[in-house]
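Counted the way our numbering counts, the sequence shown spans residues 21 to 133. Heads up, the thing below is written out as structure tokens.
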Amino acid sequence: MCYAMIGGVEWLPAYQYLLPSSTTTLSYVDSGLCAPSNAKLYNIEQCTLCRQRRAQVDLYLLAFVVLLEHVLMFIKLCLIFGVPDTPTWVVHGENRRNFRKRRRLHSGEGSRG
């Protein structure tokens with residue numbers, strides 16, 4: 021009910037609550053319940069209730085977005101620590117190359133002496 025649009029739902033017909041020249045729908049809360057100029061729909065208790073519900077929904081939405089962001093950051097950190105900067109096959113290749121280089125140096129020193 022709090023998110024309905026005047027002229028957008030069956031129980032709030034545009035011909036009854038909007039001006040004939042209106043080309044868009046209006047918010048039921050802002051232009052109906054909470055607008056003292058709209059005597060047919062104005063109701064301060066319902067206005068307060070709807071605004072509280074909207075604030076609560078907005079708060080839950082914000083909490084969900086912040087929680088989701090934290091979960092995604094945690095996953096990112098796990099991936100950063102779990103995936104090495106240098107692939108294993110590159111490290112093995114460099115170790116093999118260094119080993120062969122040292123072996124050539126050592127075998128070359130022994131034949132000279």
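Ideal Cβ positions, reconstructed from N, Cα and C, are used throughout, including at glycine.
Comparing alpha-carbon positions, the option among Asp50, Pro33, Phe101 lying closest to Asn63 turns out to be Asp50. For Tyr37, the CB contacts under 6 Å within the same chain, skipping 5 residues up- and downstream, are Ile26 in chain order. Met25 has Ser47 as its beta-bridge partners, per DSSP.
With 16 or more other CB atoms across the displayed protein chains lying within 10 angstroms of its CB, Tyr48 is buried. Cys54 sits in coil when the DSSP states are folded into three classes, being neither helix nor strand.
Rounded to whole angstroms, Leu81 and Arg73 show a C-alpha spacing of 12 Å.
Of the candidates Ala83, Leu32, Leu87, Cys70, Leu32 places its Cα closest to the Cα of Lys60. In this structure, the beta-carbon distance from Ser41 to Ala34 does not fall below 9 Å. For Lys96, the uninterrupted alpha helix (DSSP H) run begins and ends at 64 to 102, by DSSP.
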